[in-house]
Amino acid sequence: MPIVSKRGAQAPSSPIRKLVPLANAARTSGRRVHHLNIGQPDMETPAVMRAALAEYGETVIAYGPSGGDVEFRNVLFEYYRSLGVDLQPHELIVTTGASEAVHLALATCLDHGDELLVPDPMYANYLGYGGVLGNRICPIPTSVETGYHLPEELEAFLTPRTRAVLMCNPANPTGAVYSEEEVQRVLDFCVKHDLFVIADEVYREFVYDGDVCRSVLSYPEAVGRAVVVDSLSKRYSLCGARIGCFVTNNEEIATAAMKLAQARLSPPALAQVVASRASRLPSDYFTRVKREYRQRRDTVYEALVGIPGVTVHRPEGAFYQMARLPVEDAETFVRYMLTEFHRDGQTVMLAPAAGFYAAPGAGRDEVRIAYVLEQEKLAQAMWLVEEALDQFNG
Ligand SMILES: Cc1ncc(COP(=O)(O)O)c(C=O)c1O
-15 MPIVSKRGAQ
-5 APSSPIRKLV
5 PLANAARTSG
15 RRVHHLNIGQ
25 PDMETPAVMR
35 AALAEYGETV
45 IAYGPSGGDV
55 EFRNVLFEYY
65 RSLGVDLQPH
75 ELIVTTGASE
85 AVHLALATCL
95 DHGDELLVPD
105 PMYANYLGYG
115 GVLGNRICPI
125 PTSVETGYHL
135 PEELEAFLTP
145 RTRAVLMCNP
155 ANPTGAVYSE
165 EEVQRVLDFC
175 VKHDLFVIAD
185 EVYREFVYDG
195 DVCRSVLSYP
205 EAVGRAVVVD
215 SLSKRYSLCG
225 ARIGCFVTNN
235 EEIATAAMKL
245 AQARLSPPAL
255 AQVVASRASR
265 LPSDYFTRVK
275 REYRQRRDTV
285 YEALVGIPGV
295 TVHRPEGAFY
305 QMARLPVEDA
315 ETFVRYMLTE
325 FHRDGQTVML
335 APAAGFYAAP
345 GAGRDEVRIA
355 YVLEQEKLAQ
365 AMWLVEEALD
375 QFNG
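Heads up, the sequence shown is in our numbering, so the first residue is -15 and it goes up one at a time.
Structure follows, in structure tokens:
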């Protein structure tokens, strides 16, 4: 029998999805499972976007340009202009979600064996993509005690193989929103050591104590070294459309990324038609979305603060809450909630946080909670977590 490649065999399982079979079994046995393990917003995709599918008039769903269809690209250029970023046409490639943009970013900025510095814990799929491409993901440790903000000093993490810093801002899974001073510090470090800065800004609007997160593209120090990974998945509750973009102000990176984009032919046609409708949304769209998520954040945070032995920091953005639990191994606890525990026929699925860390052994007693359900269900879910902890710890 032929055998699987090492990189295929060694690719990490998604910490978000790997316990899904247990959740399915719990549901089959009649239990209701509150899913707080995955960042899938429950909010309706705006009606004007859904209507685009019904109104689609083409008789052939054809390939389009590799960089994206003109209409959708224009919507994106206008959106970036509203953020104070004027893009040249070659600087943007429409992608199959931010996931493809992450892949393009790592494939064009780093060679096999090169190192990428990333605040730890991180969005778990960076580890998967980096591993497959042969990049070394080097953690910049952050912790609940400092709200998962960046250390003052980055020099200690530098090696001769460091090629880039990847910063997710606002951050998944920690909810940290890096201040302009922190971003500036990262940029100064990148300028000093001639590194790329890759910024994952898919949660740009989800900032609860301010307005919108400033894009790295708007900093003068980022010129020629920035790659932004972006997505409409969270912004418009469009996860299943699989639509996002890759933006860079480095011409060589743009040229290299376009070659890879041409190899996969074109981004999804129907998703671009749907996503183009973003230009028709009312100007207060994000105000309402943010208000809802801010309230959810408060519901979850305040409930967790009241649970004995739980350590949390109030998230500033995105829609995730990290929590250190009074257990030795959070994955065992999550499994327990899905297999043994229930109250009133209900239980909760959380994401064990160890899989979000690059540092071996880190985060074993932590979970990530995605506050993607309405407040009443969140409050119920937090009560279930408290009950489960009580029972689990005897
Ligand atoms: C930080 C971050 N980057 C990228 C992605 C991937 O997004 P997309 O659905 O656009 O592929 C996610 C999805 O959860 C994410 O949280």
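Beta carbons: idealized from backbone N, C-alpha and C, even for Gly. Bear in mind that the values here come from a model prediction, so they are computed numbers and not experimental data.
Ignore the nearest five residues each way along the sequence and tell me which others in residue 275's own chain have a CB closer than 7 angstroms to its CB.
-> none
May I have the straight-line CA-CA distance separating residue 142 from residue 149, to the nearest angstrom?
-> 10 angstroms
Please indicate yes or no: does the CB of residue 35 lie closer than 6 angstroms to some heavy atom of ligand 1?
-> Residue 35 has its CB no nearer than 6 angstroms to any heavy atom of ligand 1.
Among residues of its own chain, excluding the 5 on either side of residue 61, which ones have a beta-carbon nearer than 6 angstroms to its beta-carbon?
-> 71
Inter-residue spacing [alpha-carbon to alpha-carbon] between residue -13 and residue 118 | 19 angstroms
Determine contact between the segment 174 to 193 and the segment 80 to 99, defined as no fewer than three beta-carbon pairs at a distance below 8 angstroms.
-> The answer is yes - the segment 80 to 99 touches the segment 174 to 193, with three or more Cβ pairs under 8 angstroms.
Where residue -15 sits in the DSSP three-state scheme = coil
With residue 320 as the anchor, note down where its alpha helix (DSSP H) starts and where it stops.
-> For residue 320, the uninterrupted alpha helix (DSSP H) segment begins and ends at 314 to 323.
Just checking, does the segment 75 to 85 make contact with the segment 98 to 106 on the three C-beta pairs under 8 angstroms criterion?
-> no
State yes or no: is the C-beta of residue 81 nearer than 6 angstroms to some heavy atom of ligand 1?
-> yes
Nearest to residue 342 by CA position, among 368, 42, 114, is which residue?
-> 114
In angstroms with no decimal places, state the Cα-to-Cα distance between residue 280 and residue 323.
-> 27 angstroms
According to the neighbour-count rule (16 or more other Cβ atoms, all chains shown, within 10 Å of its Cβ), is residue 328 buried or exposed?
-> exposed
DSSP state of residue 305 mapped onto helix, strand, coil | It is a strand residue.
Is residue 234 near ligand 1, judged by its Cβ being under 6 angstroms from some heavy atom?
-> no
Can you check whether the CB of residue 301 is closer than 7 angstroms to the CB of residue 135?
-> no
On the three-state DSSP scale, how would you describe residue 335?
-> strand
Environment of residue 121 [buried if 16+ CB atoms lie within 10 Å] | Looking at its Cβ environment, which holds 16 or more other Cβ atoms inside 10 Å, residue 121 is buried.
Integer Cβ distance of residue 238 from residue 210, believed to fall under 8 angstroms = That pair is no contact at about 11 angstroms.
Looking at the unbroken alpha helix (DSSP H) that takes in residue 87, where does it start and where does it end?
-> 81 to 93
Going by Cα to Cα distance, which pick from 359, 137, 48 is closest to residue 278?
-> 359
Identify which residue in 39, 112, 332 has its Cα closest to the Cα of residue -7.
-> 112
Top-ranked residue by Cα proximity to residue 116, from -11, 48, 17, 213 | Nearest of -11, 48, 17, 213 to residue 116, Cα basis: -11.
Do residue 32 and residue 261 come within 7 angstroms of each other at the CB atom, strictly closer than that value?
-> yes
Quick one: is residue -3 buried, meaning 16 or more other Cβ sit within 10 Å of its Cβ, or exposed?
-> exposed
Using a threshold of 6 angstroms, is the CB atom of residue 153 nearer than that to any non-hydrogen atom of ligand 1?
-> Not under cutoff, so the answer is no.
Pairing CB atoms from the segment 37 to 49 with CB atoms from the segment 220 to 237, are three or more of them under 8 angstroms?
-> As far as the Cβ criterion goes, the segment 37 to 49 does not touch the segment 220 to 237, which means the pair count is below three.
Within the present structure, is the beta-carbon of residue 26 separated from the nearest heavy atom of ligand 1 by less than 6 angstroms?
-> no
Kindly give me the distance between the Cβ atoms of residue 331 and residue 17, rounded to whole angstroms, as I take these residues to be in contact under 8 angstroms.
-> 6 angstroms
For the beta strand (DSSP E) holding residue 230, just list the boundary residues, first then last.
-> 228 to 232
Taking residue 374 as part of the alpha helix (DSSP H), name the residues at either end of that continuous run.
-> 359 to 376
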